[in-house]
Amino acid sequence: MSSEPTRADLRHEIETAVPITRAQAPALWRPVDEVAEQLGTAGPDNLLLVLDSISFATELPLRLSDATFTGRTLGLSLTLLYLLSEQELRALIAHEIDHFRRHDTRPQRLASLLTEFIAITLAIVAIGITRLPDPLSALLRPPVQSGFTRFARWQQARMLDREFRADRAAAEIAGAAACASLLIKSTLVARIWSIIVDEHLQNVAAKALHIGAVVTITARTLFTDSDVRPWLGKPEQSVARRTHPHYVERLAALGYDLPTAWALAQSTKTSVVRLVLETPKALDIQLTERLARLRASASSESSTLPPSTSDRHDAAS
Numbered sequence: 009m010s011s012e013p014t015r016a017d018l019r020h021e022i023e024t025a026v027p028i029t030r031a032q033a034p035a036l037w038r039p040v041d042e043v044a045e046q047l048g049t050a051g052p053d054n055l056l057l058v059l060d061s062i063s064f065a066t067e068l069p070l071r072l073s074d075a076t077f078t079g080r081t082l083g084l085s086l087t088l089l090y091l092l093s094e095q096e097l098r099a100l101i102a103h104e105i106d107h108f109r110r111h112d113t114r115p116q117r118l119a120s121l122l123t124e125f126i127a128i129t130l131a132i133v134a135i136g137i138t139r140l141p142d143p144l145s146a147l148l149r150p151p152v153q154s155g156f157t158r159f160a161r162w163q164q165a166r167m168l169d170r171e172f173r174a175d176r177a178a179a180e181i182a183g184a185a186a187c188a189s190l191l192i193k194s195t196l197v198a199r200i201w202s203i204i205v206d207e208h209l210q211n212v213a214a215k216a217l218h219i220g221a222v223v224t225i226t227a228r229t230l231f232t233d234s235d236v237r238p239w240l241g242k243p244e245q246s247v248a249r250r251t252h253p254h255y256v257e258r259l260a261a262l263g264y265d266l267p268t269a270w271a272l273a274q275s276t277k278t279s280v281v282r283l284v285l286e287t288p289k290a291l292d293i294q295l296t297e298r299l300a301r302l303r304a305s306a307s308s309e310s311s312t313l314p315p316s317t318s319d320r321h322d323a324a325s
């Protein structure tokens with residue numbers, strides 16, 4: 009669950025995650041099974057704890073460093089679990105499992121082909137128009153541009169609607185208040201996570217700290233202030249690129265404003281993590297060290313690459 013994801017779609021490969029079986033964590037699987045039954049759908053085949061700040065549901069094959077998972081895979085953010093109450097955890101699980109129920113997570117091959125066909129057709133028409141004589145080109149350009157805009161908005165509207173529907177399902181299961189405070193905590197953890205991983209990862213790993221605890225301490229420090237943080241409420245993505253509604257919009261759909269949701273998030277006094285996991289700290293340290301090694305290795309490899317002699321520009325730049 010995220011309000012400002014850093015990626016448009018779930019990546020098929022995750023840097024740091026660990027599979028959790030029913031035998032390893034029956035207390036975590038219990039609410040997963042209960043929520044799936046309440047929503048009237050099959051539960052996940054696989055449950056992963058992810059060090060990242062984002063939770064997800066997918067039916068695409070998902071690769072870890074040493075295994076590939078198929079079927080329904082539910083990923084829960086270990087970092088976020090440190091801050092959640094039992095009801096907030098149920099809200100998180102319900103939001104993701106509702107994506108399973110509505111088949112948002114299945115590979116939509118026919119729909120993808122149709123979408124791609126429409127996009128390519130519009131692009132071909134746009135290129136063709138530029139080669140027409142000027143009066144005709146000027147006449148046809150506005151409707152084609154309008155077609156592009158309508159197509160993009162249609163795609164975006166579909167993605168945004170899925171999240172609102174999943175939020176409603178979560179509210180039915182866990183209550184709107186739990187969903188509202190979950191949105192605040194998810195957003196806060198995502199911001200803190202990005203700063204720590206981008207700027208302080210090696211220091212955290214060298215001191216044998218675990219990222220989940222660092223993020224949690226930072227978040228709880230922020231919650232000591234009754235005033236809403238000024239950077240909350242400001243979208244990180246442009247409106248045109250959003251794949252999720254901004255969480256202020258999602259709060260409004262649940263019947264809450266930002267200050268009220270902030271106060272709800274502050275009120276959580278106990279964490280669910282020790283109720284559902286026996287050794288959260290050990291898992292956290294293990295995943296933190298793995299992430300630090302992977303990032304260090306990637307950095308080392310990139311620094312040893314020979315400089316390019318081509319004049320070609322990278323398409324991603």
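First residue of the sequence shown? That's 9 in our numbering, and the numbers climb one at a time after it. Don't be surprised by glycine CBs; every beta carbon is placed ideally from N, CA and C.
Under 7 Å Cβ to Cβ from residue i, same chain only, skipping five residues before and after it: list those, please.
i, result
"L118", "With a pLDDT of 45 at L118, under the threshold of 50, the modelled position of that residue is not reliable, and no figure is offered here."
"A261", "F172 and D175"
"V43", "R98, I101, A102, I105 and I181"
"A188", "L259, L262, Y264, A269 and L272"
"A185", "L272"
"G83", "A25, L56, V58, S63 and F64"
Within 10 angstroms of its Cβ, does residue i collect 16 or more other Cβ (buried), or is it exposed?
i, result
"A99", "buried"
"I181", "buried"
"P39", "buried"
"E96", "buried"
"I28", "buried"
"P267", "exposed"
"A269", "buried"
"A178", "buried"
"L299", "buried"
"L259", "buried"
"I203", "exposed"
"I22", "buried"
"L190", "buried"
Look up residue i in the DSSP assignment and say whether it is helix, strand or coil.
i, result
"T76", "strand"
"D322", "For D322, the predicted structure reports a pLDDT of 32, less than 50, and the residue's modelled location is therefore unreliable. A value from the coordinates is still provided. Coil at D322, not helix or strand."
"G83", "strand"
"T226", "helix"
"V281", "helix"
"R170", "helix"
"P27", "strand"
"T287", "coil"
"T49", "coil"
"V58", "strand"
"A33", "coil"
"R176", "helix"
"L92", "coil"
"L70", "strand"
Roughly how many angstroms separate the alpha carbons of residue i and residue j, rounded to a whole number?
i, j, result
"L92", "T276", "7 Å"
"T24", "E45", "29 Å"
"I192", "P143", "53 Å"
"E207", "A198", "14 Å"
"L57", "G263", "31 Å"
"S286", "A304", "Before going on, a small fix: residue 286 reads as Glu here, not Ser. So the two alpha carbons sit approximately 30 Å from each other."
"L86", "R301", "19 Å"
"D53", "H111", "15 Å"
"V236", "A33", "35 Å"
"I293", "A35", "21 Å"
"N211", "T226", "16 Å"
"S73", "G183", "37 Å"
"H209", "T49", "First, the residue type needs correcting, since residue 209 is Leu and not His in the sequence shown. Answer to the nearest angstrom: the Cα atoms are 39 Å apart."
"V205", "R228", "18 Å"
Which same chain residues, not among the five before or five after residue i, have their C-beta less than 6 Å away from its C-beta?
i, result
"T113", "A65, T66, E67 and H107"
"E257", "none"
"L70", "F77 and T81"
"F231", "Q274"
"D41", "G51"
"L295", "T24 and L59"
"A75", "none"
"L168", "P253"
"W37", "R30"
"G79", "D53"
Who are the near neighbours of residue i in its chain, counting only those whose CB is closer than 8 Å to its CB and skipping five residues on each side?
i, result
"Y90", "G220, A221, V223, T224, S279, V281 and P288"
"W201", "D60, S61, T87, I219 and V223"
"L291", "V26, L57, L86 and L285"
"R170", "H107, R110 and D112"
"A47", "A small fix is needed here, since residue 47 is Leu in this sequence, not Ala. Hits under 8 Å: A102, I105, D106, R109, A177 and I181."
"L283", "A35 and E94"
Is the shortest distance between the beta-carbon of residue i and the beta-carbons of chain E less than 8 Å?
i, result
"F231", "Checking the listed chains, one finds no chain E in this structure; it contains a single protein chain."
Just checking residue i against the ligand NAD - is the residue's beta carbon closer than 7 Å to any of the ligand's heavy atoms?
i, result
"R114", "Among the ligands in the structure shown, none appear at all, so the ligand NAD cannot be discussed."
Whether or not the stretch 101-112 and the stretch 60-80 are in contact is what I'm after, with contact meaning three or more pairs of Cβ atoms, one per stretch, closer than 8 Å; do they touch? With three or more CB-CB distances shorter than 8 Å, the stretch 60-80 counts as touching the stretch 101-112.
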